[in-house]
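**Student:**
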Amino acid sequence: MNNHELKTRREFLRTGLLGGSLCWTLPAFLSRTMESLHAQADGALVQGVTGRDGNILVVLQLAGGNDGLNTVIPIGNDEYRKARPTLGLPDSSILRIDPQTGLHPSLSGLASAYQDGHLAIVQGVGYPNPNRSHFRSTEIWATGVDSDKSSTTGWIGRYFDNACSGCDASVGIAMASQLPQSFTASTPKGVLYQGGGGAKKKTSKKKGAADADGSMMAMEDDEDGGEAGGSIGMLNGSGNLGHLSALDFLERTEMDAKVSQQEIAKASAKAKNSVPYPGSRLGQNFAMVSRLIAGGMPTRIYYLSLGGFDTHTQQAGAHERLLKDMGDSVAAFLADLKAQGNLGRVTLMTFSEFGRRVKENASGGTDHGAAAPLFLAGGGVKPGLLGQMPSLAPQDLWDGDVKYNTDFRSVYATILEKHLGVKSEPILRKSFPLLPAYG
Amino acid sequence: MATLNASDWDRNKAGILLQRAGFGGTPQEVDALAALSPAEAADSLLGPARLVSPEPPPFLEESGVEEALKAERAKMDSLPDPAKADAKREIAQYLRATQGRQITELRGWWLKQMAEPLRATREKLTLFLHGHFATSFEKVRSPSLLYQQNSLFREKAYGMWSDLVLGVAQDPAMLIYLDGAKSRAEAPNENFARELFELFTLGEGNYTEKDIQESARAFTGWGIGFSNGKKGGLQRGAHPSFKNVPKWHDSGSKTIFGETGNFDGTDVVRLTLAQAAAPRWITQKLWRFYAGWPAPEPLLQELVREWQSLRGEIRPFLMAMWTNPNFYDPVRAADRVKSPAEWLVGLCRQIGRPLPAPALSAHILNQLGQNLFEPPNVKGWDGGIAWINTASISRRYEYGSWLVEGTQGLQKLSSLNMAKMAGESGLMKMSLPEISPEGMVTRHGPKDMDPVEKRASLEKMRDAVALSPAPVGGITTSEERQSPEKLLAALSTRFLSGETIPEDLRARFQQAAGEKIPFTDAAVRKMILAIVQSPLYQVT
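Protein sequences, first through last, are from chains A and B. Residue numbering for the first sequence follows my numbering, beginning at 562 and increasing consecutively. Residue numbering for the second sequence follows my numbering, beginning at -10 and increasing consecutively.
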């Protein structure tokens, strides 16, 4: 967005057309006045790039460092058994993908997506000179630059800058506690959506009204997420002001909040979920994304996060619950998109800042590692195993961690080129080989 | 280090200092500070070097919980399998409910300390330290250990940085949070050593993986134990405390930052703080927290020299920061975003209303992104503009209306889970499940309450969280209510420290009060709300 437009937005705001006399309660977002004002704003700000039928990327961050080796598991592998005497999963319980490779038993949702032909597994994803700090490694994944370089913008932010410079902030929606660092753009984009959505609200309201003792049930989701307790919950990068002062940024955000809240409420109220989702926060967030897609939001990137993967101690049960939540939520989401007829437009990509140490530690957990597998799911995705299962032989490890064989930016480049239909080099600042992940 | 001339000290700067050093306050407090010299103002805000300890939160006195649980657990073991699972679940829920109630009390207790004018400065620093040495209830689960850590921050806040770092390395909540308590010579856990370097003292790039591994070995032996032989628990006296266990310690030789020896945790802290990166890291973090923007290189070097000449003593360093002319740089004046705690406590102080009930205050802060005792991760809160996003700004404006205009009627409160809040406030207290020898498990949770009783406690909860309109009678004089200009002048002195208001915002504020002169209390509140619901109010 250029300065002129920014100025217009500020004037728009300051003249009080949108801000002045309106009461700032949530219902106000839905008021008639807002609706008609927004229609004007809409015409001026939304451009062709964000057509309502364009392709969509959903990013799922597994924060804390997912144990890749217990997610996509080598079958009949002695090194795996040796390194994981207590955490290793018996071959018989592993959900087979091919004779050498399978999924964690709680990932039945993903296994059936694989059977249906909607899942690709990219193995050994990482980058040269891996960093074992949560924050630094998350930053490397978010900015998409070499591990010895830094960048003030994120890879998704640069996609916004390159491909949708004129579009509304809601071109990217994150359901997290802060905007992810990968959203940081030269021109700020992306809105944050938290808590109960339109359709969900309505149900709870009804329930509340019908409740004989009249207790007010929450319309906002319960805070007791109770993720398996790692010290790493949601990982988000700090924002970047770019050329804006804090005050300018506040004004921008105020404006974006008014416009996008209303858009989201409108879109999510239009659609219904056609399959049941897990009741977890992640499941409900996926349900919301599905409604927003069905409701015609012009959003290109959705960003979800699941925390709790920093399993230094007592990993087995916690990891199983997290994977189950992920697998079941993703399976419901894919089924819902299929029923809507939108599955072909959507790619889901999971990632985690790193995998974990091959050898388990003495506290029934695993320490920070390096490369790990990730999942790509969606109607356009060509099913299969990509990359190689990294060797676990001690001489092939780097300081006890598996070595990468696929640069994570090859995954980004493939999605940008083959799914979002843009040139990847200006966004990733380098050319990366594409993966055969799309038909 | 450069210091501000007394002649440059004015009301505007005094207002900035009051807000940044603590949680803001009334125009009278600003006037009092403006009448002093800059150094006197900073010194008076900091208060005595020695802590006058606040009255601890009452939940610490609760007793009997652990004994009762122990008895229940013993009964549980002899039960047949299906009943055992039932009992286990019920006891876990009881424990969870009790912890939830206690942490809510602790949150309310801490906010109350922040709202005490004479404690505000030390509490603000305690809040900084909580974010810096982030530790979460989500993993630690023990409200009393979190209180203990909070007290450590408060107690040592004004003293030597090295004492504080060492205290944190031996703090039970931290030992749980970053797994130090489980680290053993045969399998050292690297979690604490890594975050000590990366986040607490040095910053990324100032240590090697080898330094982490060797330091993790040095920290082995530092764990937690129960001096009176009890295990776990919520009861006073049954809390684990720091324990140095020689048989867990790796007494071999280690090489850390190029030095070799049979080091332990104390040595690691000493070696770490001697690194050149150490003073840069903490001074930059303190500057950013209080000034709102990162110190550029020449200023940072000045700060580091000051820190070194004070040998890392925090109270005089804060004095030096707050009397540095750069701290009041007018160009950066609007670049510091208030944290949610600062926003909530400050607004309540400015409009002269008590804090909302603990369950509601905690809910508001959580919704605004600063759930006390539950930072998002070990990095703490990023702060600054990261506080602001499309969701949080709408909520600031929404809660602003609750605090200024009240929560009249049920509509606003309908977004709250009253039953959850009643549980957290002890109005619907969960009792221990009963387990009969035959394996019957009877739970006593809110769901099993008598409907009449339940309705009554929900009603009570609604009363407890309902907010009346802010008492603005004393805020403005009858003369100020005669014209929109005068009213705005009075309110901007109180709420915006007399900052210059852009013309368009000025119009937005004045229109909010309507046209009927003299302005009624309701009209005054409308103008206050317009100010609170503006970008300008979110910064200092």
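Don't be surprised by glycine CBs; every beta carbon is placed ideally from N, CA and C. Small disclaimer: the values here were computed from a predicted structure and weren't measured.
1) With a 10 Å radius around its C-beta and 16 neighbouring C-beta atoms as the bar for buried, classify THR713/A as buried or exposed.
2) Determine the contact status of LEU618/A and ARG861/A, defining contact as a CB-CB distance below 8 Å.
3) Could you give the DSSP three-state label for TYR965/A: helix, strand or coil?
4) Out of ARG325/B, ILE424/B, ALA478/B, PRO460/B, which one is the CA nearest neighbour of TRP391/B?
5) Where do the N-terminal and C-terminal ends of the alpha helix (DSSP H) with ASP897/A fall, by residue?
6) With a 10 Å radius around its C-beta and 16 neighbouring C-beta atoms as the bar for buried, classify LYS2/B as buried or exposed.
7) Compare the Cα-Cα distances from ILE165/B to each of ARG143/B, GLY212/B, ALA(-9)/B, GLU423/B and report the closest residue.
8) Since SER230/B meets chain A, which of its residues come closer than 9 Å, beta carbon to beta carbon?
9) Around the Cβ of ARG504/B, are there at least 16 other Cβ atoms within 10 angstroms (buried) or fewer (exposed)?
10) Can you pull out the residues from the stretch -9 to 24 of chain B whose beta carbon lies closer than 7 Å to at least one beta carbon of chain A?
11) Could you check where the beta strand (DSSP E) with VAL19/B kicks off and where it finishes?
12) Using a Cβ-Cβ cut-off of 8 Å, state whether ILE374/B counts as contacting chain A.
13) Counting only beta-carbon atoms, is ARG861/A nearer than 8 Å to chain B?
14) With which residues is GLN622/A paired in a DSSP beta bridge?
15) Three-state secondary structure (DSSP) at HIS433/B?
16) Are the CB atoms of SER349/B and VAL454/B nearer to each other than 8 Å?
17) Under 8 Å Cβ to Cβ from GLN608/A, same chain only, skipping five residues before and after it: list those, please.
18) Quick check on LYS436/B: buried or exposed, where buried means 16 or more other Cβ atoms within 10 Å of its Cβ?
19) Do you know whose CA, among THR632/A, ARG657/A, GLN661/A, TYR864/A, lies nearest GLY649/A's CA?
20) Which residues, in order along the stretch 910 to 930 of chain A, keep a beta-carbon less than 8 Å from a beta-carbon of chain E?
21) Would you mind working out which of GLY214/B, TRP237/B, LEU289/B sits nearest PHE316/B, comparing C-alpha positions?
22) So with CB distances below 7 Å, who are the chain A contacts of SER457/B?
23) Hey, VAL942/A and ALA896/A: beta-carbon distance below 8 Å or not?
24) Does the distance from the C-beta atom of ASP253/B to that of GLY214/B stay below 8 Å?
25) Give me the Cα-Cα distance between VAL983/A and SER821/A, rounded to the nearest whole angstrom.
26) Should ILE92/B be labelled buried (16 or more other beta-carbon atoms within 10 Å of its own) or exposed?
27) What are the start and end residues of each continuous alpha helix (DSSP H) run of 4 or more residues lying completely inside the stretch 142 to 187 of chain B, in chain order?
28) Since MET736/A sits in a beta bridge, which residues does DSSP pair it with?
29) Can you tell me where the alpha helix (DSSP H) with GLN500/B in it begins and where it stops?
30) Nearest-angstrom Cα distance between PRO16/B and ALA109/B?
31) Taking a contact to mean a Cβ-Cβ separation below 8 Å, would you say PRO944/A touches GLY678/A in this structure?
32) Using the beta-carbon of each residue, which ones in chain B are nearer than 9 Å to HIS880/A?
33) Closer than 8 Å by beta-carbon distance: list the chain A residues that pair up with VAL257/B, in chain order.
34) Quick one, are the C-beta atoms of LEU884/A and LEU668/A less than 8 Å apart?
35) Label GLU50/B either buried or exposed according to how many other C-beta atoms from any shown protein chain fall within 10 Å of its C-beta, with 16 as the threshold for buried.
36) In the DSSP assignment, find the unbroken alpha helix (DSSP H) run with GLN684/A in it and report its ends.
**Tutor:** So, from the data block:
1) As a first step, residue 713/A is located in the first sequence; it is residue number 152 there, counting from the start. The residue in question, THR713/A, is exposed, as its Cβ has fewer than 16 Cβ neighbours within 10 Å.
2) Working through the first sequence from its first residue, we reach residue 618/A at position 57. Working through the first sequence from its first residue, we reach residue 861/A at position 300. A contact, by the Cβ cut-off of 8 Å.
3) Here residue 965/A is taken as the residue at index 404 of the first sequence, counted from 1. Coil.
4) Along the second sequence, one-based indexing puts residue 391/B at 402. Answer by Cα proximity: PRO460/B.
5) On the first sequence, residue 897/A is found 336 positions in, with the first residue counted as 1. Here the alpha helix (DSSP H) through ASP897/A covers 876 to 901.
6) Against the second sequence, residue 2/B aligns to sequence position 13. Buried.
7) As a first step, residue 165/B is located in the second sequence; it is residue number 176 there, counting from the start. Out of ARG143/B, GLY212/B, ALA(-9)/B, GLU423/B, GLY212/B has the C-alpha closest to the C-alpha of ILE165/B.
8) Looking up residue 230/B in the second sequence gives position 241. Correct list: empty, because the minimum Cβ distance to chain A is about 21 Å.
9) Residue 504/B sits at position 515 when you count from the first residue of the second sequence. Going by the sequence as given, residue 504/B is Glu instead of Arg. So GLU504/B counts as exposed.
10) none
11) On the second sequence, position 30 is the one that residue 19/B refers to. Segment 16 to 23 is the alpha helix (DSSP H) holding VAL19/B; no beta strand (DSSP E) there.
12) Here residue 374/B is taken as the residue at index 385 of the second sequence, counted from 1. Closer than 8 Å: yes.
13) In the first sequence, residue 861/A corresponds to position 300, counting from 1. Output row for ARG861/A: interface = no.
14) The residue given as residue 622/A occupies position 61 in the first sequence. Partner(s): SER866/A, PHE912/A.
15) Here residue 433/B refers to the residue found at position 444 when the second sequence is read from its first residue. Residue state, collapsed to three classes: strand.
16) The residue labelled residue 349/B in the question sits at position 360 within the second sequence. The residue labelled residue 454/B in the question sits at position 465 within the second sequence. Reading the sequence as shown, one finds Leu at residue 349/B and not Ser. Against a cut-off of 8 Å, the Cβ pair of VAL454/B and LEU349/B comes out as a contact.
17) Here residue 608/A refers to the residue found at position 47 when the first sequence is read from its first residue. A caution first: GLN608/A carries a pLDDT of 29, below 50, which makes its placement in the model unreliable, though a value can still be read off. So the list reads CYS725, GLY727, CYS728, once near-sequence residues are dropped.
18) Taking the second sequence and counting its residues from 1, the one referred to as residue 436/B is at position 447. That one is exposed.
19) Along the first sequence, one-based indexing puts residue 649/A at 88. That would be THR632/A, whose Cα lies nearest to the Cα of GLY649/A.
20) Looking for chain E here will not work: the only protein chains present are A and B.
21) As a working note, residue 316/B is residue 327 in the second sequence. Comparing Cα positions, the closest option is LEU289/B.
22) Residue 457/B sits at position 468 when you count from the first residue of the second sequence. Those do not exist, as SER457/B stays about 18 Å from chain A at its closest Cβ, beyond 7 Å.
23) For the purposes of this step, residue 942/A is identified with residue 381 of the first sequence, where counting begins at 1. For the purposes of this step, residue 896/A is identified with residue 335 of the first sequence, where counting begins at 1. Against a cut-off of 8 Å, the Cβ pair of ALA896/A and VAL942/A comes out as no contact.
24) Along the second sequence, read from residue 1 onward, the residue named residue 253/B stands at position 264. Along the second sequence, read from residue 1 onward, the residue named residue 214/B stands at position 225. No, the pair does not count as a contact, with Cβ atoms beyond the cut-off.
25) As a working note, residue 983/A is residue 422 in the first sequence. As a working note, residue 821/A is residue 260 in the first sequence. Each residue's alpha carbon lies about 25 Å from the other.
26) Along the second sequence, one-based indexing puts residue 92/B at 103. ILE92/B should be labelled buried.
27) 150 to 158, 161 to 166, 180 to 184
28) Here residue 736/A is taken as the residue at index 175 of the first sequence, counted from 1. According to DSSP, which records beta bridges pairwise, MET736/A is partnered with LEU865/A.
29) Position 511 of the second sequence, counting from 1, holds the residue named residue 500/B. GLN500/B -> alpha helix (DSSP H) spans 492 to 501.
30) One-based indexing of the second sequence puts residue 16/B at position 27. One-based indexing of the second sequence puts residue 109/B at position 120. Their backbone Cα atoms lie some 16 Å apart in a straight line.
31) Residue 944/A sits at position 383 when you count from the first residue of the first sequence. Residue 678/A sits at position 117 when you count from the first residue of the first sequence. The answer is yes: Cβ separation under 8 Å.
32) For the purposes of this step, residue 880/A is taken as the residue at position 319 of the first sequence. By Cβ distance, chain B contributes nothing, its closest Cβ being about 16 Å from HIS880/A, past 9 Å.
33) For the purposes of this step, residue 257/B is taken as the residue at position 268 of the second sequence. The contacting residues do not exist; VAL257/B stays about 18 Å from chain A at best.
34) Here residue 884/A refers to the residue found at position 323 of the first sequence. Here residue 668/A refers to the residue found at position 107 of the first sequence. Yes, Cβ-Cβ distance for LEU884/A and LEU668/A is below 8 Å.
35) Counted from its first residue, the second sequence places residue 50/B at position 61. Exposed.
36) If you number the first sequence from 1, residue 684/A lands on position 123. Here GLN684/A belongs to no alpha helix (DSSP H); instead the beta strand (DSSP E) covers 680 to 687.
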